[in-house]
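Peer 1:
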Amino acid sequence: MKASGTLREYKVVGRCLPTPKCRMLPLYCMRIFAPNHVVAKSRFWYFVSQLKKMKKSSGEIVYCGQVNTPCE
Numbered sequence: 024m025k026a027s028g029t030l031r032e033y034k035v036v037g038r039c040l041p042t043p044k045c046r047m048l049p050l051y052c053m054r055i056f057a058p059n060h061v062v063a064k065s066r067f068w069y070f071v072s073q074l075k076k077m078k079k080s081s082g083e084i085v086y087c088g089q090v091n092t093p094c095e
């Protein structure tokens, strides 16, 4: 990923899709630095697939929002 321009901080929360067998699944939350929300979601799936046995086709994004940091 090229870091041209400004990077923003996003909080992305995702999980595996619920099945009839398993309804309550753990949520995975990450802080992602990306230029926009589309890239943030993409990076989330990239990192989750490396850390857990989870793919985009078998999961869903629950929340993706920009974190507003206070100015100093």
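Per this note's numbering, the sequence shown runs over residues 24 to 95.
Yeah, the Cβ is synthetic: ideal placement off N, Cα and C, and Gly gets one too.
As the structure is a computational prediction, the values presented were derived from the model and not from experiment.
1) Hey, could you find the ends of the beta strand (DSSP E) VAL90 is sitting in?
2) Excluding five sequence neighbours on each side, which residues of the same chain lie with their C-beta closer than 7 Å to the C-beta of ALA63?
3) When the Cα atoms are used, what is the spatial distance from MET77 to LEU50?
4) Here's a check: name, in chain order, each residue in its chain whose Cβ is nearer than 8 Å to the Cβ of SER81, leaving out the five neighbours to either side.
5) Can you tell me the Cα-Cα spacing of GLY28 and HIS60, whole angstroms?
6) Candidates ARG31, GLY37, LEU30: which alpha carbon is nearest TRP68's?
7) By a C-beta neighbour count over all protein chains shown, 10 Å radius and 16 as the cutoff for buried, is VAL90 buried or exposed?
Peer 2: Looking at the coordinates:
1) No beta strand (DSSP E) contains VAL90, which DSSP labels as neither H nor E.
2) Within the same chain, ALA63 has close Cβ partners TYR33, VAL35, ILE55, ALA57, CYS87.
3) If I take the Cα positions, the gap works out to 12 Å.
4) Closer than 8 Å at the Cβ level, and outside the excluded window around SER81, lie CYS39, LEU40.
5) Going from the Cα of GLY28 to the Cα of HIS60 covers about 15 Å.
6) Residue GLY37 is the option with its Cα nearest to TRP68.
7) Under the 10 Å beta carbon count, VAL90 is surrounded by fewer than 16 other beta carbons and is classified as exposed.
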